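Chains as they are written, first to last, in the working numbering: chain A, 1 to 192; chain B, 193 to 413. Here a beta-carbon is modelled for each residue, glycine too, at the ideal position from N, C-alpha and C. The model shown is predicted, which means the values in this text are computed figures rather than measured ones. These notes are about the structure you will find just below.
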């Protein structure tokens, strides 16, 4: 049990997907203008990550044992089609949920965080339960990063920055500061 | 699109280096640009892999563009890209296992690098094989230059070395933070700020020049 908690917390804060591993930067930089959008994006991400963890476990256990070199191709195809199918199912079953998360699902299908999750959990040899905890942790970590960034950017809006700095350069510097802050979590477990 | 309107082929090569630089202007491929630029050697290996995948998939996509149905084109591109990435991954693992280990999952993540899919969708699927290859080479050069620039800044400041050779002498106290994740964000942020400052200045200069020189200069620009 302790191991599972460790996997979750480690993926969420210590090895934060976005701020320490640079995965999922596209949504991090693109969809972090408003807090509300950021929260929805984060939740959609957790959802897709859990699906991915399931798919990866099935592929690794039953399919790819015969042909491990097809891993990258198999992951990308299966994850992309799975998300598409689930998207159609949600649209049919729960229009409210679809309105809340729908537009984000296709956007994150092939984002590096999702494929990164698949590859990391394979490389570390996670089983089904470990993989699920890892997915939830990574999703929470991504959500935290997105929401923090969006809050900072919302507050930054009225600030008077020089006009050449009104682009991604400034956002990246902010991300650097956030990443620096998250490095503080690195000692969280070594002490225990 | 008449052939007369197309820019000269040399332009396809050059545009990727500065005017449409994939990382600095289009902000594509940021994951690898930040994740593996903690040393110059890693930057070069990553750029080599991207060059290989981009060339291979541009070649294939531009030659089969007429037989791929529009509805499934993106999936087709992804399959093609994933195939080349698998090959690149295997070549790196066989030839430079140390570097391959350090790049880790990021070689596989070239599949979802937006530069590659972006060029297939925006360029290779609409242009001839020759032009697509030039475009791919240009974009790769632009990507490589940015990667090496970032790798140099981060390795020299963070470790005092360049490609493993000491540059700043034994008395230099390395800024370890530069080779850690925050250093990646800060370096790219500063580079982007400088880049946009330079562009703004040259745009302001062009404006002054055209207001003095009248419409003739504007035409030339």
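Start and end of the alpha helix (DSSP H) containing residue i?
i                      : result
residue 54 of chain A  : 35–58
residue 116 of chain A : 112–123
residue 203 of chain B : 201–206
residue 25 of chain A  : 25–30
residue 257 of chain B : First-last for residue 257 of chain B: undefined, no H or E at that position.
residue 281 of chain B : 265–287
residue 231 of chain B : Per DSSP, residue 231 of chain B belongs to no alpha helix (DSSP H) and is neither H nor E.
residue 6 of chain A   : 2–9
residue 95 of chain A  : 95–101
residue 309 of chain B : 306–311
residue 184 of chain A : Residue 184 of chain A -> no alpha helix (DSSP H), and no H or E assigned at all.
residue 154 of chain A : 128–156
residue 298 of chain B : 297–300
Quick one: is residue i buried, meaning 16 or more other Cβ sit within 10 Å of its Cβ, or exposed?
i                      : result
residue 125 of chain A : exposed
residue 312 of chain B : buried
residue 2 of chain A   : exposed
residue 263 of chain B : exposed
residue 373 of chain B : buried
residue 393 of chain B : exposed
residue 409 of chain B : The pLDDT assigned to residue 409 of chain B is 43, lower than 50, so where the model puts this residue is not dependable, and the model offers no usable value.
residue 398 of chain B : exposed
residue 142 of chain A : buried
residue 155 of chain A : exposed
residue 132 of chain A : buried
residue 94 of chain A  : exposed
residue 255 of chain B : exposed
residue 208 of chain B : buried
residue 123 of chain A : exposed
residue 390 of chain B : exposed
residue 40 of chain A  : buried
residue 52 of chain A  : buried
residue 195 of chain B : Note that residue 195 of chain B has pLDDT 47, beneath the 50 cutoff, so the model's placement of it is unreliable and the number below is only indicative. Answer is exposed; the Cβ neighbour count stays below 16.
residue 342 of chain B : buried
DSSP three-state label for residue i, please.
i                      : result
residue 364 of chain B : coil
residue 62 of chain A  : helix
residue 354 of chain B : strand
residue 413 of chain B : Model confidence at residue 413 of chain B stands at a pLDDT of 39, short of 50, so the residue's coordinates are unreliable; what they give is reported in the following sentence. In this structure, residue 413 of chain B counts as coil in the three-state DSSP scheme.
residue 18 of chain A  : coil
residue 448 of chain B : One cannot answer for residue 448 of chain B here, as it falls past the ends of chain B, which runs 193 to 413.
residue 324 of chain B : helix
residue 68 of chain A  : helix
residue 440 of chain B : It is not possible to answer for residue 440 of chain B, since the shown part of chain B is limited to 193 through 413.
residue 84 of chain A  : helix
residue 221 of chain B : coil
residue 170 of chain A : helix
residue 161 of chain A : coil
residue 386 of chain B : helix
residue 249 of chain B : helix
residue 372 of chain B : coil
residue 318 of chain B : coil
residue 303 of chain B : helix
residue 407 of chain B : Confidence in residue 407 of chain B is poor, its pLDDT being 47 and thus under 50, which makes the residue's placement unreliable; the coordinate value appears in the next sentence. Three-state DSSP puts residue 407 of chain B in a helix.
residue 198 of chain B : coil
Report the option in the options whose CA atom is closest to the CA atom of residue i.
i                      : options                       : result
residue 294 of chain B : B:304, B:237 and B:381        : B:237
residue 45 of chain A  : A:117, A:89 and A:178         : A:117
residue 201 of chain B : B:235, B:244, B:297 and B:322 : B:322
residue 307 of chain B : B:383, B:340, B:391 and B:332 : B:332
residue 130 of chain A : A:30, A:32, A:54 and A:33     : A:54
residue 179 of chain A : B:281, B:379 and B:316        : B:379
residue 276 of chain B : A:159, A:164 and A:72         : A:72
residue 172 of chain A : A:16, A:7, A:28 and A:6       : A:28
residue 350 of chain B : B:249, B:337, B:364 and B:338 : B:364
residue 367 of chain B : B:361, B:346, B:354 and B:270 : B:346
residue 120 of chain A : B:318, B:319 and B:298        : B:298
residue 153 of chain A : A:170, A:164, A:144 and A:75  : A:170
residue 37 of chain A  : A:64, A:17 and A:145          : A:145
residue 422 of chain B : B:344, B:320, B:354 and B:342 : Only positions 193 to 413 of chain B appear in this structure, which leaves residue 422 of chain B out of reach.
residue 231 of chain B : B:376, B:401, B:383 and B:316 : B:376
residue 318 of chain B : B:203, B:253, B:245 and B:218 : B:253
residue 216 of chain B : B:270, B:281 and B:388        : B:388
residue 211 of chain B : B:355, B:335, B:272 and B:344 : B:335
Does the beta carbon of residue i fall short of 8 Å from some heavy atom of the ligand NAD?
i                      : result
residue 136 of chain A : What this structure holds is no ligand at all, so the ligand NAD is not there to describe.
Answer yes if the segment 223–230 of chain B comes into contact with the segment 20–28 of chain A, meaning at least three C-beta pairs across the two stretches below 8 Å, and no otherwise. Contact holds: three or more Cβ-Cβ distances are below 8 Å.
If contact is defined by three or more beta carbon pairs under 8 Å, each pair taking one atom from either stretch, is the segment 67–85 of chain A in contact with the segment 150–164 of chain A? Note that the segment 150–164 of chain A does not touch the segment 67–85 of chain A; fewer than 3 beta-carbon pairs, one per stretch, sit closer than 8 Å.
What residues from the segment 147–178 of chain A come within 9 Å of chain C, judged by C-beta to C-beta, listed N to C? Of the protein chains in this structure, namely A and B, none is chain C.
Would you call the segment 298–307 of chain B and the segment 203–223 of chain B in contact, with 3 or more CB pairs under 8 Å? The segment 298–307 of chain B is in contact with the segment 203–223 of chain B.
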